[in-house]
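Mapping of the sequence shown onto the UniProt record's numbering: position 77 corresponds to residue 77, and the numbering continues sequentially without gaps.
Beta carbons are placed, not taken as given, at the ideal position from N, Cα and C, and that holds for glycine.
Computed from a prediction, not measured in an experiment: that's the story for all the values here.
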Amino acid sequence: MVNNSDTDINYIIQMSLKGDKKYQEILLNELEPLLYKNIYKYWGLSNPIIEDLLQEGYIVVLQALKDFDINKEIHFLAFIKSKIKYFYLNCYRRGLKNTINLTNHLNIDDLEIDDSKENVEEKVLKDEETSLLRSCIDMLPEKEQRLIYSFYFDEIPVGEIAEKLNISYGAACCKKSRILKRLRSCIIRR
């Protein structure tokens, strides 16, 4: 028989924060839809790394249970929603590097290959978009190319880029914004 306290999320959180493994497992199950929502937002429904990303999300939740400060005036659910959101956003922003790291753990024999027409069309469209973006970046002056590659591919913070270019942080942000506008207009023209 299930107690009302066993299904009350606040009680589950309270017990999980105390280290009760049973309630931590229940909490992970309760938060699974939130994890999937954030995963699907960036990687779609059929990406082969979804289960790996889910496991990474579980780790974030368990770590958040350790990091959560009960004395602060914030509810755990608000805290964990923010943690999960930014964890998956950062994973997505790191892009291909993390995808490669995550897929290294996959057994290639376990992957299902779906050669349906839709997947082939999606891949072709994505390849064309990537090619278009690369050609637009190649049209930029060399300094602007370095700024874009430094920020998006090398993941160097804007502050460090500003120091390297010997300009202010605000100027680097403005420069990045102008470059992105030029790239958007280049892509639209083509």
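Limits of the alpha helix (DSSP H) - the one that residue i falls within
i: Gly-170; result: 169-189
i: Ser-82; result: 76-94
i: Ile-148; result: 142-148
Rounded separation between residue i and residue j - CA only
i: Ala-171; j: Asn-38; result: 33 Å
i: Thr-130; j: Leu-147; result: 18 Å
i: Met-15; j: Asp-67; result: 15 Å
i: Gly-19; j: Lys-81; result: 20 Å
i: Asp-109; j: Glu-56; result: Reliability fails at Asp-109, whose pLDDT of 44 lies under 50, so the model's placement of it is uncertain and the value that follows must be treated cautiously. One C-alpha to the other measures close to 22 Å.
i: Tyr-169; j: Ser-150; result: 15 Å
i: Asp-127; j: Tyr-86; result: 27 Å
i: Asp-138; j: Leu-132; result: 10 Å
i: Tyr-58; j: Ile-179; result: 38 Å
i: Lys-164; j: Lys-21; result: 48 Å
i: Ile-84; j: Glu-122; result: 28 Å
i: Pro-157; j: Arg-134; result: 21 Å
i: Cys-136; j: Ile-70; result: 50 Å
Simplified DSSP assignment, three categories, for residue i
i: Ser-46; result: coil
i: residue 222; result: Nothing can be reported for residue 222, as the shown portion of the chain is limited to 1 through 190.
i: Glu-129; result: helix
i: Gly-19; result: coil
i: Pro-33; result: helix
i: Lys-123; result: helix
i: Ile-9; result: helix
Buried versus exposed call for residue i [16 or more other C-beta atoms within 10 Å across all chains shown]
i: Cys-174; result: exposed
i: Ile-167; result: exposed
i: Tyr-23; result: buried
i: Ile-187; result: exposed
i: Glu-25; result: exposed
i: Leu-53; result: buried
i: Ile-12; result: buried
i: Ile-49; result: buried
i: Lys-176; result: buried
i: Ala-78; result: exposed
Residue-chain proximity (residue i, chain B), Cβ-Cβ < 8 Å
i: Asp-8; result: The displayed structure is made up of one protein chain only, and chain B is not part of it.
Quiz item: Does the region 62-69 come within contact of the region 29-36, defined as at least 3 CB pairs closer than 8 Å?
Solution: no
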